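Structure first, commentary second.
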């Protein structure tokens, strides 16, 4: 399975660089197209990555030159002003490397936190799949792909383990939430121990782990040009096992994934059960990433790609139509009639207008919009969730217009969504009686803390990537400057508390690895926007346009 870093020619199926801009609707037609690779990844220019930057936006970039690291020197022809690296950069790299975990002498990931003052380790000494993503991107951008490859292979190996919670066997495709390495200094052996949810708080399987794994596999392939890993039989099987869990037929009437509370970054009870935006956006991005990497040289491969293409069309329509909220849509929902019957119904989910929370009317600007937290029968969760909306932009689940509207919202509601430390994981906080009912009186998710309106520095890399893709780097720069004023001084906390994110979280770990890695990734993407290509997918220009809500459900 070990592959070289060179590019090789593919003629049996579409290559990853070509499929990104491929019309998904054509995958539903016969015959299947064979597309030859024209150029290597290194030959693709910044403009060809189509990251949506205007020339004026590029001129606004400041640069730093991390001495001695390849790939980050400012071109001689550049007219941009360079400056010395921020003192935080060196400290961040040193801390990130201290978090490395080794298995039989090879780095395989980074632990969640290196908190020198905490006596209670819990599971912060483990390698979490979702936590490792920003670390992986930092190493890829720094020209160190081996650790990412090792991680992908080790987690793929763990996927094959039998997974049980009590007497129930989990699906074969479930990826671990985390793993740790036990070192036996006497026998000189290393042992992997994985957690698939059976040890997690609440005993919830990580739905997002498989999606992040696929997204990271594509990022590795885009960054290195090494197709051999993604094309290996093991990775092909791993992707199919993950997708089999998601694409299996059941009683669903929607293309979205039904999930339990606590199945993603929000891993405690927070009322996200149902169809949370974070999972739907990651699902969409994983499907688009997988369709670029799956082989179609047999009937099984062709069928899998066709199923993905159909699901992508249905999912994009559903999300863009029913999860999207802007001023006009809010006004329409406010005027909804209820108890409508037949396929001509406008209020398809029978949402009661009186259930709209008061805060959203003041929160919604005239210009701007976002994907709300959840939509299911008679229920709309109007809360803002940062990760889901940023991933929606990066995956092009959001249309270009919707992407710009999300950025407009962040600018218009800067104090609420960014405050003094980027970025609010959710907004607003739930409190009082609602907090008791929704969280079960969770002492960690009190108002404006942790997942309940807390501010998480790791989200800095996601909002920076979204800013670059939408041509708004000035927003990212402003957020990074806020982070730089506190993060190093505060010891790289896991999260901050308060309406403005002013206080270090009451249970926040210090030297949280993804806070460190998120900062590094944000800095490197601003310095070299072409890095965005490994984590961004361009819009399928032939995707069917959004159909108005008044149109028939069956059209």
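In the numbering used here, the protein residues as written are 71 to 625. Every residue, glycine too, gets a C-beta built ideally from N, C-alpha and C. Predicted model only: the values in this text are computed from it and were never measured.
C-beta atoms of residue i and residue j nearer than 7 Å
| i | j | result |
| --- | --- | --- |
| residue 602 | residue 538 | yes |
| residue 567 | residue 510 | no |
| residue 221 | residue 244 | no |
| residue 581 | residue 184 | yes |
| residue 294 | residue 215 | yes |
| residue 446 | residue 371 | no |
| residue 528 | residue 584 | yes |
| residue 452 | residue 423 | no |
| residue 385 | residue 354 | yes |
| residue 308 | residue 399 | no |
Boundaries of the alpha helix (DSSP H) in which residue i is found, first to last residue
| i | result |
| --- | --- |
| residue 388 | 369 to 388 |
| residue 280 | 277 to 294 |
| residue 545 | 543 to 554 |
| residue 202 | 199 to 211 |
| residue 502 | 502 to 509 |
| residue 470 | 470 to 482 |
| residue 308 | 303 to 317 |
| residue 589 | 583 to 597 |
| residue 229 | 216 to 229 |
| residue 463 | 456 to 465 |
| residue 643 | Since the first and last residues shown for the chain are 71 and 625, residue 643 lies out of range. |
Chain-order list of residues whose beta-carbon lies under 6 Å from that of residue i (same chain, five-residue window excluded)
| i | result |
| --- | --- |
| residue 129 | Low per-residue confidence applies at residue 129: pLDDT is 41, beneath 50, and the placement is therefore not dependable enough to give any value. |
| residue 532 | 460 |
| residue 571 | 489, 490, 491 and 525 |
| residue 314 | 243 |
Cα-Cα separation, residue i to residue j
| i | j | result |
| --- | --- | --- |
| residue 477 | residue 542 | 8 Å |
| residue 605 | residue 456 | 17 Å |
| residue 591 | residue 284 | 19 Å |
| residue 520 | residue 201 | 16 Å |
| residue 226 | residue 250 | 15 Å |
| residue 209 | residue 441 | 31 Å |
| residue 329 | residue 161 | 39 Å |
| residue 253 | residue 332 | 31 Å |
| residue 264 | residue 325 | 30 Å |
| residue 195 | residue 272 | 19 Å |
| residue 116 | residue 297 | Its pLDDT being 38, under 50, residue 116 is placed unreliably in this model, and the coordinates cannot settle the point. |
| residue 166 | residue 554 | 17 Å |
| residue 168 | residue 181 | 9 Å |
Boundaries of the beta strand (DSSP E) in which residue i is found, first to last residue
| i | result |
| --- | --- |
| residue 450 | 449 to 451 |
| residue 396 | 394 to 396 |
| residue 445 | 444 to 446 |
| residue 492 | Where residue 492 is concerned, there is no enclosing beta strand (DSSP E), given that its DSSP letter is neither H nor E. |
| residue 441 | 439 to 441 |
Bridge partner(s) assigned by DSSP for residue i
| i | result |
| --- | --- |
| residue 365 | Paired residue(s): none; residue 365 is not in a bridge. |
| residue 253 | 260 |
| residue 519 | 522 |
| residue 170 | 180 |
| residue 430 | According to DSSP, which records beta bridges pairwise, residue 430 is partnered with nothing at all. |
Close-in-space but distant-in-sequence residues of the same chain around residue i (CB under 7 Å, 5 per side omitted)
| i | result |
| --- | --- |
| residue 377 | 317 |
| residue 203 | 282 and 286 |
| residue 479 | 435, 438, 439 and 440 |
| residue 342 | 331, 336, 443 and 444 |
| residue 358 | 382, 465 and 607 |
Residues near residue i by beta carbon distance below 8 Å, same chain, minus five either side
| i | result |
| --- | --- |
| residue 518 | 499, 524, 567, 568 and 569 |
| residue 224 | 173, 178, 179, 249 and 262 |
| residue 234 | 240 and 268 |
| residue 594 | 142, 208, 211, 212 and 601 |
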